[in-house]
Amino acid sequence: MQKKSDNKNRIVFFDFDNTITLSDVFDDIVERFSGDDGWKDLEERWKRSEIGSRECLKGQVEGIRVTKRVLDRYLTTIKLDPYFKKLAGLLDSKNIRTIILSDNFDYILNGVLKAHGLDKTFEVYCNSIKFEGNRMVPSFPFSNYKCGNCGHCKKTVLGKIASAGEVLFYIGDGLSDRCASRQVDTVFAKADLKDYLKKEGVRHIPFEELKDVYEHFKEAT
Ligand SMILES: [Mg+2]
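In our numbering, the protein residues as written are 1 to 221.
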C-alpha cells in the first residue's frame, strides 16, 4: 500500500515564462515592441553581471513603446504548454494549492491567462506595470532590495507563503527560479534551471514538457 501524504497540505509553485508558456513572453515583447535598441545594451550589461535582472527588466520595460490595444492582441497569440490546463485541473482535483511566481509583469501575465480562460484562477505573485499612453511604468513589489538579482524575489515570497509541515513543489526553467527551487521538497526543472541544479548537486526531477509533471502527479496519491 502506498504511503499517503494527503494529510499534509501541498503547494505547487509554477514559474510562468517558458514553464507555463512555450516561449519567454517578456523577452519576445521586448524584442518586438522596444522603441530603440537600448534593450540590447541592457541585456549585454546583464550578461556581464554589471547589472542585476531587476535593473535590466526596469530599463527594458521603460524602453517599450506599445499601446494597450496592440499588446492585448499580441497576448492572445501566446501559446501555453498543452498540458498546463490538464495539470492545473489535476492539482485542483487533489486539493493541491497552485501558485504562480513570475519575474514577468501582472498586465502581461493576466492577459495571457485571460486569453486561455484562466484569469482569476490562480494566486499570482509577479512584478507590476502601469500604462501611460504607449509607455509602461514598472514596479517591483516583491523585490529583495538587498540582492537585486531578480525583479521578483521568489525565494522570499515562497518563504512567506509556506508554513512548516507543508509539502512544497517547484516547477521552473530559469535564473529567477534558482533560489526558490532550493527551498522546496521536490523540484521539476528544465533548461537552464536543470543544468544549474545538476551542477550544484541539488536533487531534482528533469522535465521537458508539463506532460511529464502531469504523469508524476497522476501517479502520486
Ligand atoms: Mg521561466
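For glycine and all other residues, C-beta sits at the position ideal for the given N, C-alpha and C.
- For Gly-174, the shortest C-beta to heavy atom distance toward ligand 1 is below 6 angstroms.
- Ranked by Cα distance from Arg-203, the options Phe-217, Tyr-170 and Asp-212 are led by Tyr-170.
- In this model, Leu-22 and Glu-208 are separated by some 11 angstroms (Cα to Cα).
- In this structure, the CA atom of Leu-113 is about 13 angstroms from the CA atom of Asp-15.
- Taking 4 residues as the shortest admissible run, the segment 88-131 contains the following complete alpha helix (DSSP H) segments, listed from N- to C-terminal end: 106-115.
- Per DSSP, Arg-135 lies in no alpha helix (DSSP H); the unbroken beta strand (DSSP E) holding it starts and ends at 135-139.
- The shortest C-alpha to C-alpha distance from Leu-101 to any of Phe-217, Val-157, Pro-141 and Val-167 is the one to Val-157.
- Its Cα nearest to that of Pro-206, the residue Lys-190 stands out among His-216, Thr-76 and Lys-190.
- Here Asp-17 is not near Asn-149, since their CB atoms are 7 angstroms or more apart.
- Taking the C-beta atoms as reference points, Arg-178 is found nearer than 7 angstroms to Tyr-196.
- Around the beta carbon of Tyr-214, 16 or more other beta carbons lie within 10 angstroms, which makes this residue buried.
- Ser-93 and Gly-117 have their C-alpha atoms some 18 angstroms from each other.
- Between ligand 1 and the CB of Asn-18, the shortest heavy atom gap is smaller than 6 angstroms.
- Ligand 1 never approaches Asp-195 closely enough for any of its heavy atoms to be under 6 angstroms from the residue's Cβ.
- Taking a 10 Å sphere around the C-beta of Asp-173, we find 16 or more other C-beta atoms and assign the residue as buried.
- Leu-210 is positioned such that its CB atom lies closer than 7 angstroms to that of Leu-87.
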